[in-house]
């Protein structure tokens with residue numbers, strides 16, 4: 134499987150996947166910072182995507198996992214200072230400062246350890262409560278979902294059909310907004326409340342906010358960058374608008390309403406032909422005129438796209454993922470009870 138590969142962005146904390154391609158391996162217990170100023174502590178060895186503008190910081194003193202997290206959190210303010218228009222680098226930050234807890238004039242590493250442990254326990258408890266209130270604590274697969282998983286595993290070559298993207302989807306026309314990204318807030322304000330889509334792959338491309346007035350408000354569509362380093366499509370279920378270097382597509386068949394799970398399945402298939410390492414700023418994929426000519430593979434039944442299987446399969450995958458999250462929450466709550474109890478006694 135190889136080593137983890139780190140790239141820029143917040144998606145999966147910048148972990149692109151694993152690779153056995155020969156490249157420099159960075160030590161575990163280090164901190165990566167990308168061009169956006171996003172900092173993450175890495176407790177594993179990793180490689181870095183060359184063109185993604187990520188660099189690694191090695192602590193002068195070995196850190197525990199919790200201490201490493203504290204340091205990376207202390208560096209989070211960098212993400213408010215850097216972006217595409219002003220990319221983060223070691224030269225730009227090496228003279229900057231961070232605030233750390235002290236005890237007797239020395240950095241208080243013990244406080245960092247207990248603080249992160251207690252914070253984690255609090256957040257895990259909130260997560261557990263959220264899963265229960267939202268009904269996500271029910272991760273048992275239904276008969277239909279179990280059947281979908283089995284059918285998916287048994288799909289043969291003849292059960293997959295090849296479809297032209299442009300025959301399935303159409304581009305959505307949007308009004309051009311009179312703003313530049315650097316002019317817009319990165320957090321919603323009283324008037325600027327509508328998320329704006331750009332070519333960034335951070336937060337599914339929604340990193341700025343604009344007024345609703347004069348904007349084309351979209352939802353339940355697929356977004357794709359048109360000028361980016363990574364051409365990753367996303368299903369956008371909530372209201373947003375298009376700002377720059379990206380576009381949206383929607384299901385063409387007016388007789389069939391594509392459900393959210395089916396959109397998610399489609400996105401997964403589209404990314405197999407767009408979200409590829411061969412594409413970058415130097416070797417651009419292109420816009421809709423290129424993507425609409427590409428072909429994707431979809432499961433079919435009786436020579437028609439099997440939308441029912443797609444819906445049940447994604448539903449099952451959601452539950453399997455939620456199950457891991459719920460079980461993780463339970464384990465972490467038990468593991469942190471001792472730490473919280475010992476601090477209460479003190």
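Numbering (this note's numbering), first residue to last: 134 to 479. Cβ atoms here follow ideal geometry from the backbone N, Cα and C, with glycine treated the same way.
ask   = Since residue 402 is in the beta strand (DSSP E), which residue starts that stretch and which ends it?
value = Translated into positions along the chain shown, residue 402 becomes position 269. Note, residue 402: premise wrong, no beta strand (DSSP E); alpha helix (DSSP H) at 393-407.
ask   = Going by Cα to Cα distance, which pick from 371, 257, 375 and 290 is closest to residue 311?
value = Your numbering for residue 311 matches position 178 in the chain shown. Closest by alpha carbon: 375.
request  = Sort 224, 190, 187 and 445 by Cα distance to residue 392 and report the nearest one.
outcome  = Translated into positions along the chain shown, residue 392 becomes position 259. Sorting 224, 190, 187 and 445 by C-alpha distance to the C-alpha of residue 392 places 445 at the top.
query = By a C-beta neighbour count over all protein chains shown, 10 Å radius and 16 as the cutoff for buried, is residue 432 buried or exposed?
reply = Sequence index remark: in the chain shown, residue 432 carries index 299 (1-based). By the neighbour-count rule (16 or more Cβ atoms within 10 Å), residue 432 is buried.
request  = Would you list the one or two residues that DSSP bridges to residue 380?
outcome  = Reading the chain shown from its first residue, position 247 is the one you call residue 380. Residue pairing by DSSP puts residue 380 in a beta bridge opposite 357.
task = For the beta strand (DSSP E) containing residue 369, list its first residue and its last residue.
result = Reading the chain shown from its first residue, position 236 is the one you call residue 369. From DSSP, the beta strand (DSSP E) with residue 369 extends over 367-369.
task = Evaluate the contact criterion for the region 140-155 versus the region 329-348: three or more CB pairs, one atom per stretch, below 8 Å.
result = Taking a cut-off of 8 Å for Cβ pairs, the region 140-155 and the region 329-348 touch, as three or more such pairs fall below it.
request  = Could you work out which residue in 324, 355, 370 and 352 is closest to residue 345 when comparing CA atoms only?
outcome  = Counting from 1 along the chain shown, the entry for residue 345 is found at position 212. Of 324, 355, 370 and 352, the residue nearest in Cα terms is 324.
request  = Output the distance between the C-alpha atoms of residue 427 and residue 200, rounded to the nearest integer angstrom.
outcome  = Taking the chain shown and counting its residues from 1, the one referred to as residue 427 is at position 294. Taking the chain shown and counting its residues from 1, the one referred to as residue 200 is at position 67. Just so you know, the alpha carbons of residue 427 and residue 200 end up roughly 47 Å apart.
query = Whole alpha helix (DSSP H) runs in the region 183-242 with 4 or more residues, listed along the chain?
reply = Listed in chain order, the complete alpha helix (DSSP H) runs (minimum 4 residues) inside the region 183-242 are 198-207 and 223-226.
query = Which residue comes first and which comes last in the beta strand (DSSP E) that contains residue 284?
reply = As a position in the chain shown, residue 284 is number 151, starting the count at 1. Segment 276-286 is the alpha helix (DSSP H) holding residue 284; no beta strand (DSSP E) there.
query = What do you get for residue 192, buried or exposed, if any count of 16 or more other CB atoms within 10 angstroms of its CB means buried?
reply = Position 59 of the chain shown, counted from the start, is the residue given in the question as residue 192. So residue 192 ends up on the exposed side.
key: 7 Å Cβ cutoff met for residue 367 and residue 356   = Here residue 367 corresponds to residue number 234 of the chain shown, with the count starting at 1. Here residue 356 corresponds to residue number 223 of the chain shown, with the count starting at 1. Yes. Within cutoff.
task = Would you kindly report the start and end of the unbroken alpha helix (DSSP H) that includes residue 301?
result = Mapped onto the chain shown, residue 301 falls at position 168. From DSSP, the alpha helix (DSSP H) with residue 301 extends over 298-301.
request  = Using 10 angstroms around the beta-carbon of residue 209, count the other beta-carbons present and answer buried if the total reaches 16, otherwise exposed.
outcome  = For the purposes of this step, residue 209 is identified with residue 76 of the chain shown, where counting begins at 1. Counting the other CB atoms within 10 Å of its CB gives residue 209 a total below 16, which places it among the exposed residues.
inquiry  = Using 7 Å as the threshold, is the C-beta distance between residue 264 and residue 270 below it?
reply    = Along the chain shown, one-based indexing puts residue 264 at 131. Along the chain shown, one-based indexing puts residue 270 at 137. The answer is yes: Cβ separation under 7 Å.
query = Going by Cα to Cα distance, which pick from 302, 410 and 241 is closest to residue 154?
reply = Numbered from its first residue, the chain shown carries residue 154 at position 21. Nearest C-alpha to residue 154: 410.
key: Range of the contiguous alpha helix (DSSP H) that encloses residue 148   = The sequence position of residue 148 within the chain shown is 15, counting from 1. First-last for residue 148: 148-152, but that is the beta strand (DSSP E), not the alpha helix (DSSP H).
ask   = Who does residue 171 pair with in a DSSP beta bridge?
value = For the purposes of this step, residue 171 is identified with residue 38 of the chain shown, where counting begins at 1. Within the DSSP bridge table, the entry for residue 171 names no partner.
task = Consult DSSP for residue 134 and reduce its assignment to one of helix, strand or coil.
result = Sequence index remark: in the chain shown, residue 134 carries index 1 (1-based). Look at residue 134 here: in three-state DSSP terms it is coil, with no helix or strand label.
request  = Could you tell me which of 390, 329 and 359 sits nearest to residue 416, measuring between CA atoms?
outcome  = Sequence index remark: in the chain shown, residue 416 carries index 283 (1-based). Closest option to residue 416, Cα to Cα, is 359.
query = Does the Cβ-Cβ distance between residue 462 and residue 288 come in under 7 Å?
reply = Indexing the chain shown from 1 puts residue 462 at position 329. Indexing the chain shown from 1 puts residue 288 at position 155. In this structure, the beta-carbon distance from residue 462 to residue 288 does not fall below 7 Å.
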